[in-house]
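Colleague: This structure is in C-alpha cells; I'll ask about it shortly.
2 protein chains.
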Amino acid sequence: MKARVFVNLKKSVLDPQGKTIHHSLQSLGYRSVNDVRQGKFFEISLDPTLSADQARAEIEKMAKSVLTNPVIEEFRYELEAVEAHP
Amino acid sequence: MKARVFVNLKKSVLDPQGKTIHHSLQSLGYRSVNDVRQGKFFEISLDPTLSADQARAEIEKMAKSVLTNPVIEEFRYELEAVEAHP
Numbered sequence: 001m002k003a004r005v006f007v008n009l010k011k012s013v014l015d016p017q018g019k020t021i022h023h024s025l026q027s028l029g030y031r032s033v034n035d036v037r038q039g040k041f042f043e044i045s046l047d048p049t050l051s052a053d054q055a056r057a058e059i060e061k062m063a064k065s066v067l068t069n070p071v072i073e074e075f076r077y078e079l080e081a082v083e084a085h086p
Numbered sequence: 087m088k089a090r091v092f093v094n095l096k097k098s099v100l101d102p103q104g105k106t107i108h109h110s111l112q113s114l115g116y117r118s119v120n121d122v123r124q125g126k127f128f129e130i131s132l133d134p135t136l137s138a139d140q141a142r143a144e145i146e147k148m149a150k151s152v153l154t155n156p157v158i159e160e161f162r163y164e165l166e167a168v169e170a171h172p
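Chains H and E are the protein sequences, given in the same order. Residues 1 to 86 in the numbering used here are what the first sequence lists, from first letter to last. Residues 87 to 172 in the numbering used here are what the second sequence lists, from first letter to last.
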C-alpha cells in the first residue's frame, strides 16, 4: 500500500517562497503565470498487510500529528494499492 | 487554468530527508511505515486565456528549465481547467 500526502499552506497564509518563484518565473519571461504556491508531499510505503481502512487511519494520524503544522498547513492524501508480485 | 507540478528525486538518488522522516515516524510508533520519500509541488495559476495546449507547453518548459534539477529530479504535472464565473 502506498500513500501520498500533500501538504500546503492554508489559503489565508502568505507563501513567500511561492512569491519568490513567481517573480523568478516572470523575470525569466513566463508572463502567463498569475500565481505560484509551493507545497510538499510525502510518498509513504506502508506495510502491505494493512487493510485500506487501517492504512487510511494510520496516514491521517501521522499527517495530523507529524507531517503538517495544523496552525498554518492543511493536507490531503491519496492511497494506492500496490500489486504484490509473487 | 491551474497546473500542479510535482517534483521528486529520481528513484536512484538517495533521499536523506525522507529517511529522517521515516526514522522519526518509526520512533513515534508508526511501525507500519516501510519507506518515506519527500517531494515538492507547485500550484501554478495560469492566464485563463491560454489554451490547454499552450498551458501544457508553458508548464513543461518551466518545469524543465526552472522548477526541477534534471540531474537528480523528475517531474509530472496535471492541468485543471478553472471555470470562469462571470
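Yeah, the Cβ is synthetic: ideal placement off N, Cα and C, and Gly gets one too. Values in this document were obtained by computation on a predicted structure and should not be read as measured data.
1) Among E/K97, E/F128, E/V122 and E/D121, which has the Cα closest to the Cα of H/N34?
2) Taking any Cβ of chain E, which residues in the stretch 29-41 of chain H have a Cβ under 9 Å from it, in chain order?
3) Mind listing which residues of the stretch 5-25 of chain H have their C-beta closer than 8 Å to chain E's C-betas, in chain order?
4) For chain E, check one thing: does any of its Cβ atoms lie closer than 9 Å to the Cβ of H/I44?
5) Within the continuous beta strand (DSSP E) that includes E/I145, where are the two ends?
6) Below 9 Å between beta carbons: does that hold for E/I145 and E/Q124?
7) Just to confirm my understanding: we take E/I64, look at its own chain, exclude 5 residues before and 5 after, and list those with CB closer than 7 Å. What are they?
8) With a threshold of 16 other CB atoms inside 10 Å of the CB of H/T49, please say whether the residue is buried or exposed.
9) Could you check which residue in E/L114, E/F161, E/A138 and E/A141 has the C-alpha nearest to that of E/A149?
10) Go ahead and pull the three-state DSSP assignment for H/K2.
Modeller: So, to answer that:
1) Of all alpha-carbon atoms in E/K97, E/F128, E/V122 and E/D121, the one lying nearest the alpha-carbon of H/N34 is that of E/F128.
2) Per Cβ criterion, the list reads Y30, R31, S32, V33, N34, D35, V36, R37, Q38, G39, K40 and F41.
3) Listed by position along the chain: F6, N8, G18, I21, S24 and L25.
4) H/I44 has a beta carbon lying within less than 9 Å of a beta carbon in chain E.
5) It is not in any beta strand (DSSP E) - E/I145 instead sits in the alpha helix (DSSP H) that spans A138 to M148.
6) Taking 9 Å as the cut-off, the beta carbon of E/I145 is found no closer than this to the beta carbon of E/Q124.
7) The requested residue 64 of chain E is not part of the displayed model; chain E covers only 87 to 172.
8) By the neighbour-count rule (16 or more Cβ atoms within 10 Å), H/T49 is not buried but exposed.
9) If we check each option's Cα against that of E/A149, E/F161 comes out closest.
10) Secondary structure of H/K2 (DSSP, three-state): strand.
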